[in-house]
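S.K.: Below you will find the structure I want to go over with you.
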Amino acid sequence: MAHDSLTPAPPAGVRPEREPGRRAGLGGALGSWDAAIVAGLVVAGLVAAVAVPNFATGRNAQFLLLDLVPLALLALPMTLIVVTGEIDLSVASMVGLCSTLMGQLWLSSGLSLELICVLVVLLGALLGAVNGVFVTGFGLPSLAVTIGTLALYRGLSFVVLGDQAVADFPADWTAAVVRPIPGTSIPVMVVPVVLLALVFGVVLHATAVGRALYAMGNNGEAATFAGVSVARTKFWLFVASGAVCGLAGLFWTLRYASARGDNATGLELTVVTAVLLGGVSIFGGRGRLLGVVAGVLLLGVVRNALQLDDVDANALTIVTGTLLIASVVLPNAVGDVRARLHRRRQRAQVTAP
Amino acid sequence: MSPDTGESTSSPLLVLDDIAKSFGAVAALRGVRLALHSGEAHALVGENGAGKSTLVKILAGAHAPDSGRMTLDGKPLLLRGPADARAAGIAVIYQEPTLFPDLSVAENIFMGRQPLRSLRRVDTRAMNRAAEQLFARLGVRIDPARPARGLSIADQQLVEIAKALSFDARVLVMDEPTAALSGVEVDRLFGVARSLCERGAAVLFISHRFDEVFALCQRLTVLRDGAWVSSGRTADLSVDEVVRRMVGRDVDSLFPKQEAVLRDTLLEVRGLTRAGVFSDVTFSVRGGEIVALAGLVGAGRSEVARAVFGVDRYDAGEVLVAGRALPPGNPGRAIAAGLALVPEDRRQQGLVMELSVERNATLARRAALARLGLLFGGAERAEARRWTRRLRVKTSRLTAAVGTLSGGNQQKVVLAKWLATHPRVLIIDEPTRGIDVGTKSEVHRLLSELAGEGMAILMISSELPEVLGMADRVLVMHEGRLVRELSRDEADETSVMLAATGQGAIA
Chain A
4 MAHDSLTPAP PAGVRPEREP GRRAGLGGAL GSWDAAIVAG LVVAGLVAAV
54 AVPNFATGRN AQFLLLDLVP LALLALPMTL IVVTGEIDLS VASMVGLCST
104 LMGQLWLSSG LSLELICVLV VLLGALLGAV NGVFVTGFGL PSLAVTIGTL
154 ALYRGLSFVV LGDQAVADFP ADWTAAVVRP IPGTSIPVMV VPVVLLALVF
204 GVVLHATAVG RALYAMGNNG EAATFAGVSV ARTKFWLFVA SGAVCGLAGL
254 FWTLRYASAR GDNATGLELT VVTAVLLGGV SIFGGRGRLL GVVAGVLLLG
304 VVRNALQLDD VDANALTIVT GTLLIASVVL PNAVGDVRAR LHRRRQRAQV
354 TAP
Chain B
6 MSPDTGESTS SPLLVLDDIA KSFGAVAALR GVRLALHSGE AHALVGENGA
56 GKSTLVKILA GAHAPDSGRM TLDGKPLLLR GPADARAAGI AVIYQEPTLF
106 PDLSVAENIF MGRQPLRSLR RVDTRAMNRA AEQLFARLGV RIDPARPARG
156 LSIADQQLVE IAKALSFDAR VLVMDEPTAA LSGVEVDRLF GVARSLCERG
206 AAVLFISHRF DEVFALCQRL TVLRDGAWVS SGRTADLSVD EVVRRMVGRD
256 VDSLFPKQEA VLRDTLLEVR GLTRAGVFSD VTFSVRGGEI VALAGLVGAG
306 RSEVARAVFG VDRYDAGEVL VAGRALPPGN PGRAIAAGLA LVPEDRRQQG
356 LVMELSVERN ATLARRAALA RLGLLFGGAE RAEARRWTRR LRVKTSRLTA
406 AVGTLSGGNQ QKVVLAKWLA THPRVLIIDE PTRGIDVGTK SEVHRLLSEL
456 AGEGMAILMI SSELPEVLGM ADRVLVMHEG RLVRELSRDE ADETSVMLAA
506 TGQGAIA
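Protein chains in written order, with this note's numbering: chain A, 4 to 356; chain B, 6 to 512.
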């Protein structure tokens, strides 16, 4: 592009299609990304209900939602982090490490499980703080830092428990996390996830912090000049991400009654996919939590239906990867098409006054 | 100098006639004409939104005109893209050139057409030699082998001009090249432009600064609202006349400075030092007072402002607002203490271009507008509406991305954002850079009003008329030091420029 000085400089920094918040009433048939994902969710659900045996059953709904709990949890802080233009790829490894720490504490510390749960969440926050220090304190790119801690934390989780598993958690605890709300097939665990989603949604969309997140995701320098503590805010986001990973680690361990070093391996791919699928821009500054929730559900429905249809795990990874690429490519392609239509309309107006 | 006869005997080199261009329903240009003569510098002036940029883009081949004729040397000229413009010998120098920072100066000049040796290897030596010859023709010294990163904007423009020379450009369009240059750099650029004219090139010069227009250009064309107003010899015109033609009315007073009523000291800076940037800067600003910080570009003025506001850290010294020390490096605390900074670079520092007008206007007040920590749009909208109305920001919707506004309106949004915080001290860095005459005088009137209400204003400006017209006191910086303090009566062009160039002690 910029090879040629004779090309007029593009209006620097103006990408008119990037308007967080209100995107309604745009481009007719193309619609907004949020609406498209919700529609995709409905279509995927209907197709699965018709085509996949046993999909539309209460029992499957329960499993589907239980499977989605860790994904949904991790997607919440990830959304905020990606909105600021950063990323946290170490989430699955933090879940794994928190799980083995929980196992080791239960095995050898003699502490009560309640206390262990609190400790694990705090340890998760500490792991996130390490990411935060490297990203904000030393000013390193979060992509590099969290790829590093992705490997580091996974390695440490094998140091904590070796290749053994801790499985002797009290049965009333392990049963509690999978129990449905009485009279429904919705697991109780959905309730804290929904509450947490509300908290993150309010923070992102209806607080001063949320405004600052969008500002720094679009232009960190201008945010600084407006009095936003960019580094401090990002640091606390990484801490929040770690703490939520601690929660997810607890849930994972109790649900499968198993603390193992390889718990949640590869989950970061699914989390990032869900967030981008939900319309959050990988470049930061754009996206809504509602879209992400729809993205999580869509991804869950697709994966669950394919699993029921006996598609193997490798194929699932292929699907997830394809969705990830598509959710990065499609918004750009849609933006291009829109711009082209817009230009054509302008030309039509000019030639036919 | 080229023979400058009263009437042009030569036929013009490049002629634009009855050019029209619309974007959607908006007519950006209609009936515009322009004739550039070889060996002459021609000024193009007009308020922002008058159509200057569109005209430049047509000359650069980026936009095709909807109708009208262009001829070069009497032959019809059709520009289907930037490559055509270049082939026709038309080069455009922008206010802020975009060079590849990590490539050498010579590589930037010869990008895409480097001299080659066997096996298609780049002949670096031949390339550097060729670049050196270009710089020699321009009479400037830039090392062709050095990386472009770190070149001043003035030098970057010279690299662009060298590139244009290497294409044998006969028409050189300079789009506000001097906006970011200091006086010395402007003189050098003008020297280069004049020598290009002597060699028979035609220069189209776009600027908001009339002194420069009159110093450099033989002819002048005025645009207003996309339409051609007049073309003529600059010698036959006065500044007042040009301004009247640009705005279509009399600008009653360019600098509506009111008499200052001095109140308590609101901003005090003591011994502020940042190693290698500025040292031992001490000054104070009282309520009701406008203090200008003058100096050449690079003297450290903006850096002082950034340190005072807390965007940058400093090594020594202290900043007090209304007698209370500010913690260093914390803009949030500075805002809370009543400080506001309208930064120099609107696009990078002042605004988040992708966000809406209302989000930008309320960004600095986001916490104060929340009820019980929650923000639900209504309070922000009301606040944004109040301030954009008061400052008369022209925008279709408050939800429009601020990047779609004109420069003057963007500057008003930055001002709205900071005035909404009800600051006691306003630091404003280049308040009117790149905005049109009408908005300029609005901004000046506003600053004067705010000072009248008791605000302490520290104004950094590279435009001497603005400094002299607005300031109650002028502080002059030179190479990171505060070298002179001049009262309103003492300050004139000579005294400020002498101090700014480091001769203050002698003067």
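Glycine included, every Cβ here is placed at the ideal spot set by N, Cα and C.
Beta strand (DSSP E) containing residue 285 of chain B: first to last residue?
M.R.: Mapped onto the second sequence, residue 285 of chain B falls at position 280. Segment 283-291, the beta strand (DSSP E) holding residue 285 of chain B.
S.K.: When every heavy atom of the ligand FAD is checked, does at least one fall within less than 6 Å of the C-beta of residue 191 of chain B?
M.R.: This structure simply doesn't include the ligand FAD, nor any ligand for that matter.
S.K.: Mind checking the segment 210-230 of chain A against chain B and listing, in chain order, the residues whose C-beta falls within less than 8 Å of any C-beta there?
M.R.: Cβ contacts with chain B come from 210, 211, 213, 214, 215, 217, 218, 221, 222, 224, 225, 226, 227, 228, 229, 230.
S.K.: Considering residue 242 of chain A, what are the terminal residues of the alpha helix (DSSP H) in which it resides?
M.R.: Taking the first sequence and counting its residues from 1, the one referred to as residue 242 of chain A is at position 239. Its alpha helix (DSSP H) spans residues 233-258.
S.K.: Could you check whether residue 80 of chain A and residue 247 of chain A sit closer than 7 Å to each other, using their CB atoms as the reference points?
M.R.: To locate residue 247 of chain A, count along the first sequence from 1; it is residue 244. To locate residue 80 of chain A, count along the first sequence from 1; it is residue 77. Taking 7 Å as the Cβ cut-off, residue 247 of chain A and residue 80 of chain A qualify as a contacting pair.
S.K.: Considering only the beta carbon of each residue, do residue 314 of chain B and residue 336 of chain B sit closer than 7 Å?
M.R.: Within the second sequence, numbered from 1, the residue matching residue 314 of chain B stands at position 309. Within the second sequence, numbered from 1, the residue matching residue 336 of chain B stands at position 331. Cβ distance < 7 Å, so residue 314 of chain B and residue 336 of chain B count as in contact.
S.K.: In the DSSP assignment, the beta strand (DSSP E) including residue 238 of chain B goes from what residue to what residue?
M.R.: The residue labelled residue 238 of chain B in the question sits at position 233 within the second sequence. Unbroken beta strand (DSSP E) run through residue 238 of chain B: 232-238.
S.K.: Could you please give the first and the last residue of the uninterrupted alpha helix (DSSP H) stretch that includes residue 264 of chain B?
M.R.: Looking up residue 264 of chain B in the second sequence gives position 259. Neither: residue 264 of chain B is in no alpha helix (DSSP H) and is coded neither H nor E.
S.K.: Go through the segment 281-306 of chain A residue by residue and report every complete run of the beta strand (DSSP E) that reaches 3 residues or more, in order.
M.R.: With a minimum length of 3 residues, no continuous beta strand (DSSP E) run stays inside the segment 281-306 of chain A.
S.K.: Under a CB-based cut-off of 7 Å, is residue 232 of chain A close to chain B?
M.R.: On the first sequence, position 229 is the one that residue 232 of chain A refers to. Chain B contact via Cβ: present.
S.K.: Anything in chain A within Cβ reach of residue 158 of chain B, meaning under 7 Å, just list it in chain order.
M.R.: Here residue 158 of chain B refers to the residue found at position 153 of the second sequence. Residues of chain A passing the Cβ test: none, with the nearest at roughly 13 Å.
S.K.: Residue 354 of chain B versus chain A: which residues are under 7 Å apart at the beta carbon?
M.R.: Working through the second sequence from its first residue, we reach residue 354 of chain B at position 349. The contacting residues are 224, 225, 228.
S.K.: Is residue 359 of chain B close to chain A, meaning its C-beta is less than 7 Å from at least one C-beta of that chain?
M.R.: The count along the second sequence starts at 1 and reaches residue 359 of chain B at position 354. So yes, residue 359 of chain B belongs to the interface.
S.K.: Please state whether DSSP places residue 26 of chain B in a helix, a strand or coil.
M.R.: To locate residue 26 of chain B, count along the second sequence from 1; it is residue 21. In this structure, residue 26 of chain B counts as strand in the three-state DSSP scheme.
S.K.: Taking the alpha carbon of residue 228 of chain A as the point to measure from, which residue in B:388, B:227, B:204, B:356 has its own alpha carbon closest?
M.R.: Here residue 228 of chain A refers to the residue found at position 225 of the first sequence. Per the Cα distances, B:356.
S.K.: With 7 Å as the C-beta to C-beta threshold (strictly closer), list the residues of the segment 364-385 of chain B near chain A in chain order.
M.R.: Residues passing the 7 Å Cβ filter: 364, 368, 369, 371, 372, 375, 378, 379, 380, 381.
S.K.: Return the CA-CA distance between residue 126 of chain A and residue 311 of chain B, expressed in angstroms with no decimal places.
M.R.: Counting from 1 along the first sequence, the entry for residue 126 of chain A is found at position 123. Counting from 1 along the second sequence, the entry for residue 311 of chain B is found at position 306. The straight-line gap from Cα to Cα measures roughly 38 Å.
S.K.: Tell me the rounded alpha-carbon separation between residue 144 of chain B and residue 17 of chain B.
M.R.: Position 139 of the second sequence, counting from 1, holds the residue named residue 144 of chain B. Position 12 of the second sequence, counting from 1, holds the residue named residue 17 of chain B. Distance between the alpha carbons of residue 144 of chain B and residue 17 of chain B is about 27 Å.
S.K.: Output, in sequence order along the chain, the residues in the segment 318-348 of chain B whose CB is closer than 7 Å to any CB in chain A.
M.R.: Flagged, chain order: 336, 337, 340, 346, 348.
S.K.: Between residue 29 of chain A and the rest of its own chain, which residues show a CB-CB distance below 7 Å, the 5 nearest in sequence each way excluded?
M.R.: Looking up residue 29 of chain A in the first sequence gives position 26. Only weak support is given to the placement of residue 29 of chain A: the predicted model assigns it a pLDDT of 39, under 50, and the value that follows is read from those uncertain coordinates. Same-chain partners within the cutoff: 35.
S.K.: Got a sec, what are the start and stop residues for the alpha helix (DSSP H) residue 225 of chain A sits in?
M.R.: Reading the first sequence from its first residue, position 222 is the one you call residue 225 of chain A. First-last of the alpha helix (DSSP H) with residue 225 of chain A: 223-228.
S.K.: Which of the residues in the segment 136-155 of chain A, read from start to end, lie with their CB under 8 Å from any CB of chain B?
M.R.: From the segment 136-155 of chain A, no residue has a Cβ closer than 8 Å to chain B.
S.K.: Please classify residue 449 of chain B: does DSSP put it in a helix, a strand, or coil?
M.R.: The sequence position of residue 449 of chain B within the second sequence is 444, counting from 1. Residue state, collapsed to three classes: helix.
S.K.: Is residue 295 of chain B near residue 426 of chain B, with beta carbons less than 7 Å apart?
M.R.: Here residue 295 of chain B corresponds to residue number 290 of the second sequence, with the count starting at 1. Here residue 426 of chain B corresponds to residue number 421 of the second sequence, with the count starting at 1. Not in contact: residue 295 of chain B and residue 426 of chain B (Cβ atoms no closer than 7 Å).
S.K.: Out of B:28, B:350, B:433, point me to the one whose CA is closest to residue 297 of chain B's CA.
M.R.: One-based indexing of the second sequence puts residue 297 of chain B at position 292. Among B:28, B:350, B:433, the Cα nearest to that of residue 297 of chain B is on B:433.
S.K.: Quick one: which chain B residues come within Cβ less than 9 Å of residue 288 of chain A?
M.R.: Working through the first sequence from its first residue, we reach residue 288 of chain A at position 285. Chain B residues near residue 288 of chain A: 357, 359, 360.
S.K.: Just verifying my parser: in three-state terms, what is the DSSP assignment at residue 257 of chain B?
M.R.: Counted from its first residue, the second sequence places residue 257 of chain B at position 252. Bear in mind that a pLDDT of 46 at residue 257 of chain B, under 50, signals an unreliable position, so the model cannot answer this.
S.K.: State the start and end residues of the unbroken beta strand (DSSP E) segment that holds residue 137 of chain A.
M.R.: Start at 1 with the first residue of the first sequence, and residue 137 of chain A comes out as number 134. Unbroken run through residue 137 of chain A: none, as it is neither H nor E.
S.K.: Starting from the beta carbon of residue 316 of chain B, find every residue of chain A whose beta carbon is closer than 7 Å, and list them in chain order.
M.R.: Counting from 1 along the second sequence, the entry for residue 316 of chain B is found at position 311. Per Cβ cutoff of 7 Å: 227, 228.
S.K.: Applying the 10 Å Cβ sphere with the 16-neighbour rule, what's the burial state of residue 167 of chain A?
M.R.: The residue you call residue 167 of chain A lines up with position 164 of the first sequence. Exposed: under 16 other Cβ atoms inside 10 Å.
S.K.: Can you pull the DSSP bridge partners for residue 321 of chain B?
M.R.: Indexing the second sequence from 1 puts residue 321 of chain B at position 316. According to DSSP, which records beta bridges pairwise, residue 321 of chain B is partnered with B:278.
S.K.: Decide yes or no for the touch test of the segment 400-417 of chain B against the segment 348-364 of chain B: beta carbon pairs closer than 8 Å, at least 3 of them.
M.R.: Touching, yes.
S.K.: What's the gap between the Cα of residue 500 of chain B and the Cα of residue 25 of chain B?
M.R.: If you number the second sequence from 1, residue 500 of chain B lands on position 495. If you number the second sequence from 1, residue 25 of chain B lands on position 20. Roughly 47 Å between the two C-alpha positions.
S.K.: Could you name the residues of chain B that residue 205 of chain A contacts, counting a contact when the two beta carbons are closer than 8 Å?
M.R.: The residue given as residue 205 of chain A occupies position 202 in the first sequence. Per Cβ cutoff of 8 Å: 379.
S.K.: Starting from the C-beta of residue 41 of chain B, find all residues in its chain whose C-beta is less than 7 Å away, skip the five residues before and the five after it, and write them out in chain order.
M.R.: Here residue 41 of chain B refers to the residue found at position 36 of the second sequence. Around residue 41 of chain B: 17, 18, 19, 47, 176, 207, 209.
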